[in-house]
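Worksheet: the structure to be examined is printed underneath.
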Amino acid sequence: MAKTQTSSLARSAAVVALAVICSRILGLVRETVFAGLFGASNDYDAFVVAFRIPNLLRDLFGEGALSAAFVTVFSLYDSQRQPEETRRLACNVLTFFAIALSLLSVAGMFASDSIVSLFAPDFAATPGKSDLTVMLTRVMLPFLVFISLSAVVMGMLNTKGKFFVPALASSFFNLGSIIGGVSLAWLLPRYGQPAIVGMAIGTLFGGLLQLCVQLPTLYGTGFRYRPVVDLTDPGLRHILRLMVPATIGLSATQLNIFINTTFATSCGEGAVSWLNYAFRLMQLPIGLFGVALSIAMMPMLSKQAAAKDLTAMRQTLVSALILVLALTLPATAGLMLLDRPIIALIFQHGAFTAADTTATATALSLYAVGLFAYASNKVLVPAFFAIDRTRYPVIASFLSVALNFVLIHLTIGRFQHLAIALSTSVTMLLNCLLLFSLLAWQMGRLPWGRLCGAAVRIVAATLVMALFLMSCRCFFGDYLAFGPANALLPHGLPLLALTLFLSIGGAALLYGAMLFALRLREVTELSAAMVKRFSKK
51 MAKTQTSSLA RSAAVVALAV ICSRILGLVR ETVFAGLFGA SNDYDAFVVA
101 FRIPNLLRDL FGEGALSAAF VTVFSLYDSQ RQPEETRRLA CNVLTFFAIA
151 LSLLSVAGMF ASDSIVSLFA PDFAATPGKS DLTVMLTRVM LPFLVFISLS
201 AVVMGMLNTK GKFFVPALAS SFFNLGSIIG GVSLAWLLPR YGQPAIVGMA
251 IGTLFGGLLQ LCVQLPTLYG TGFRYRPVVD LTDPGLRHIL RLMVPATIGL
301 SATQLNIFIN TTFATSCGEG AVSWLNYAFR LMQLPIGLFG VALSIAMMPM
351 LSKQAAAKDL TAMRQTLVSA LILVLALTLP ATAGLMLLDR PIIALIFQHG
401 AFTAADTTAT ATALSLYAVG LFAYASNKVL VPAFFAIDRT RYPVIASFLS
451 VALNFVLIHL TIGRFQHLAI ALSTSVTMLL NCLLLFSLLA WQMGRLPWGR
501 LCGAAVRIVA ATLVMALFLM SCRCFFGDYL AFGPANALLP HGLPLLALTL
551 FLSIGGAALL YGAMLFALRL REVTELSAAM VKRFSKK
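When the letters of the sequence shown are read in order and numbered with this note's numbering, they come out as residues 51 to 587.
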């Protein structure tokens, strides 16, 4: 049973990870475009804060409470109800949230001045910065509608066993943002509008594209949309009931982001941008490992919970956590040891300076400390949804908010924007530990021997890999210490790319060989799942 659950989870996660790789690479391209055009300027600070406002709501409705609650109920309907009842529930949810979120977006447009003043009070000290942030906020608020409906469609497809296209859809968001944004950023200044407004409109276009690209696959499952508005529908009410405590819990996470943003805006020009660039890079492994496993695990856990198969649920959860640890621990070591050259290679061009590289790289190292916790929480929180124990993540989240505020308040005077990155990681690690303890208590006896044995092997393999990377730093010298001294050399960037490729490639091969030699079952099955997927092409 355990092997079957692990293999199924690994296969689904491998499919999602392949699609997420495409999305995250395009996401890095998008951020590279921003870095080249705007660097860590006031304009990009304004964009980051403006986009954060609909993104906070997106985290609540798109990849948060709505998505998890909908998948839980929709999986139940799909396995226990007639197809027409399942279709009607989906239509009702799509219609209800399209209307509700549209109204919320319009209300946000009217309240943009107050919202921006709340998020970034220090922007008012720089002429025009606050006004630009308000304008960008109004442009990007409808993004919330597109991305939330996209999450509902993704949940429907995941429940039907369709993982690749929904995971790939975010690639089209990045593609639309890049093509539409750059085109408009070039065009709008000719008509007296800031170039950054073009990037905001491109972001909106990307959100619409992410929704639309999933519709043909949804149509292929036999689903046909017909407008339904029924507030008395038991399925809709069940979803809303699940969302209430989850939204409260996730609002604590968003409050953390609000606290971080407000503190960052007080650190002067560039601080918001440096933290954003660093965290965007962090989202590559989080998306590849945490989100991919969460997406693959949620329908599986929901069906196991509906069947009251607690043993299978324990095995699925432990398999997911072992995979998260096996994938994030070496990523943490790599990001901390190669922070500066990675940032320089991706971002240091155009308006992005060597000083920006230093500030961003240090923040990246501190964020990387909490990488395992970030990715694990993507797995742990949906597990509470599956067993209908949503109040526990709520409690843990609010405790983390209080801790985060205290840590930043005590350290920001000395460490400036770096205090925010470090505090966020420490808070996430403690939050992860608390969530895991609560989940183990709720689900009963977990296979501790399997979990601890895997952890020891993963740590050993990571230490060997870290020693290899430290040797690479000594061997390649200045090429892995990219900075002002060699940034101006014509051959600096190609040599940096080559040395990073050799170092990271060698480290990955060594780490993988170590895990195979140590016979870590989850990694073997994940590799087999990916080979099987490719062999079907």
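Cβ coordinates follow ideal geometry from the N, Cα and C atoms, glycine included.
Since the structure is predicted, the reported quantities are computational estimates derived from the model, not experimental observations.
Pairing L139 with I309, the inter-Cα distance amounts to about 37 Å. Counting along the chain, the unbroken alpha helix (DSSP H) around V322 starts and ends at 321-335. The continuous alpha helix (DSSP H) containing Y442 extends over residues 441-465. Going by DSSP, L218 is part of the alpha helix (DSSP H) stretching over 214-237. Across the set L552, G556, R507, the C-alpha of R507 shows the shortest separation from the C-alpha of L568. The stretch 312-320 and the stretch 172-180 touch, with no fewer than 3 CB-CB distances between them shorter than 8 Å. CA-to-CA, the gap between L570 and L421 works out to about 21 Å. The shortest C-alpha to C-alpha distance from V70 to any of W236, Q333, S521, L560 is the one to Q333. Between V184 and V166, the C-beta spacing is below 7 Å. Using a 10 angstroms sphere on the CB of G242, the tally of other CB atoms stays under 16, which defines it as exposed. The alpha carbon of T474 has as its nearest neighbour, out of S91, L191, L414, P380, the alpha carbon of L414. Separation of C141 and A436 (C-alpha to C-alpha, rounded to the nearest whole angstrom) is 23 Å. Under the three-state reduction of DSSP, K210 is assigned to coil, being neither helix nor strand. Annotation for A511: the continuous alpha helix (DSSP H) segment containing it runs 498-526.
In this model, S553 and N224 are separated by some 28 Å (Cα to Cα). Secondary structure at H399: coil, using DSSP grouped into helix, strand and coil. Residue T512 holds the alpha-carbon nearest to the alpha-carbon of L387 among A423, T512, G158, T187. I246 sits in a helix when the DSSP states are folded into three classes.
Nearest Cα to T311 within the set D95, V444, S91, L182: D95. Contact between the stretch 118-134 and the stretch 278-297 is present: three or more C-beta pairs spanning the two stretches fall below 8 Å.
DSSP places C482 within a helical segment (H, G or I) once states are collapsed to three. Counting of Cβ neighbours within 10 angstroms places V279 among the exposed residues, the total staying below 16. L258 is not a Cβ neighbour of L194, given a cutoff of 7 Å.
Annotated as distal: S227 and G248, with beta-carbon spacing of 7 Å or more. One thing to note: A433 has its Cβ within 7 Å of the Cβ of L367.
Residue state for A161 is assigned as coil, using DSSP reduced to three classes. Boundaries cannot be given for G89, as no alpha helix (DSSP H) includes it and DSSP labels it neither H nor E. The closest CA to that of V83, considering only H399, Y417, A510, is found on H399. When rounded, the separation of the alpha-carbon atoms in P335 and F101 is 22 Å.
Bounds of the alpha helix (DSSP H) holding D181 are 179-190. Around the beta carbon of Q304, 16 or more other beta carbons sit within 10 angstroms, so the residue counts as buried.
Per DSSP, reduced to three states, the secondary structure at L388 is coil, with no helix or strand assignment. R74 is classed as buried because its beta carbon has at least 16 other beta carbons within 10 Å across all chains shown. The beta-carbon distance between V429 and V514, rounded to whole angstroms, is 26 Å. This is too long to meet the 8 Å contact definition.
For the 7 Å CB-CB criterion, A409 and A516 do not form a contact.
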